[in-house]
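See structure below.
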Amino acid sequence: MRTQECRVDGLGPLITVVPATSTPPPDPQLVAREAIARLPVPLPEIHFGPDAGQLAVNVPVWLWVANPDPVSASATDRTVTVTATAQLGWVTWSMGEPGAADVTCTGPGVAPELGADLWRPPCGYTYRLRSLAERTAGAGTWPVTAEVTWQITWSANTGESGADRVTTSSMAPARIGEWRTVIVAGS
Numbered sequence: 234m235r236t237q238e239c240r241v242d243g244l245g246p247l248i249t250v251v252p253a254t255s256t257p258p259p260d261p262q263l264v265a266r267e268a269i270a271r272l273p274v275p276l277p278e279i280h281f282g283p284d285a286g287q288l289a290v291n292v293p294v295w296l297w298v299a300n301p302d303p304v305s306a307s308a309t310d311r312t313v314t315v316t317a318t319a320q321l322g323w324v325t326w327s328m329g330e331p332g333a334a335d336v337t338c339t340g341p342g343v344a345p346e347l348g349a350d351l352w353r354p355p356c357g358y359t360y361r362l363r364s365l366a367e368r369t370a371g372a373g374t375w376p377v378t379a380e381v382t383w384q385i386t387w388s389a390n391t392g393e394s395g396a397d398r399v400t401t402s403s404m405a406p407a408r409i410g411e412w413r414t415v416i417v418a419g420s
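In the working numbering, the protein residues as written are 234 to 420.
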């Protein structure tokens with residue numbers, strides 16, 4: 234800090250002038266972190282189909298999350314305001330079956346509509362093994378985890394902007410049975 238001493242019109246008492254300290258403006262990236270922390274990003278709401286109560290080996294299981302809507306939040310520090318928006322980018326599914334590769338789907342997936350080709354889900358998985366109690370430590374279900382990657386964009390009233398990502402995940406049990414064909418004589 235610099236001080237200056239002077240006399241009014243060169244006469245009179247000596248006056249010490251201390252300039253006001255200026256506070257640096259807020260960093261928009263720090264304000265963006267606060268806005269991102271305030272985002273009400275939901276946990277994925279997992280769904281299986283076409284009928285979650287009748288999932289079977291060798292039959293495609295449709296996968297989707299039911300709460301994919303974008304969410305926004307803002308933060309302000311003095312003169313800087315940042316708005317952040319999170320949009321669902323993709324979902325990575327861990328199907329719980331031993332040896333199964335993860336399934337990654339762009340977007341939330343969709344529930345099957347009436348008339349849809351149930352053998353071709355846009356996001357799906359086909360189990361090889363039933364979820365027997367002896368295979369699942371007594372649970373009788375495979376633990377399915379959906380990890381949603383949310384793509385975040387933010388912009389400040391100063392013109393700066395940026396991007397980030399955040400993930401949320403949840404788990405749901407999938408009971409996988411088996412369908413059998415029975416031929417009845419005389420039918």
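Virtual Cβ for every residue (Gly too), placed ideally from N, Cα, C.
Runs of the beta strand (DSSP E) lying entirely within the stretch 339-413 and spanning at least 3 residues, in chain order: 357-359, 375-389, 394-407. A396 sits away from T382, with the two beta carbons spaced by 8 Å or more.
Counting only runs of 3+ residues, the beta strand (DSSP E) found wholly inside the stretch 273-315 occupies 279-282, 293-298, 304-310, in chain order. In the DSSP assignment, R266 falls within the unbroken alpha helix (DSSP H) covering 261-270.
The secondary-structure analysis by DSSP pairs V336 across a beta bridge with W326. Short of 7 Å from the beta carbon of R271, and not among the five residues preceding or following it, lie these beta carbons of its own chain, in chain order: A306, A308. Here the alpha carbons of D302 and C356 stand approximately 18 Å from one another. Measuring C-alpha to C-alpha distances from T391 to each of P258, L244, P246 identifies P258 as the nearest.
Look at A418 here: in three-state DSSP terms it is coil, with no helix or strand label.
Partner residues in the beta bridge of L321, as assigned by DSSP, are W383. Straight-line spacing of the CA atoms in Q262 and G332 works out to 42 Å.
Here A407 is not near V298, since their CB atoms are 8 Å or more apart. For V274, same chain residues with a beta-carbon under 7 Å away, outside a window of 5 residues either side, are V304, A319, W383, V399, T401 in chain order. A265 counts as buried, since at least 16 other C-beta atoms from the protein chains shown sit within 10 angstroms of its C-beta.
Proximity to V313 across P277, G419, E393 peaks at E393, based on C-alpha coordinates. Rounded to whole angstroms, G342 and L351 show a C-alpha spacing of 14 Å.
Relative to the Cα of T339, the nearest Cα in the group V324, P345, R363 belongs to V324.
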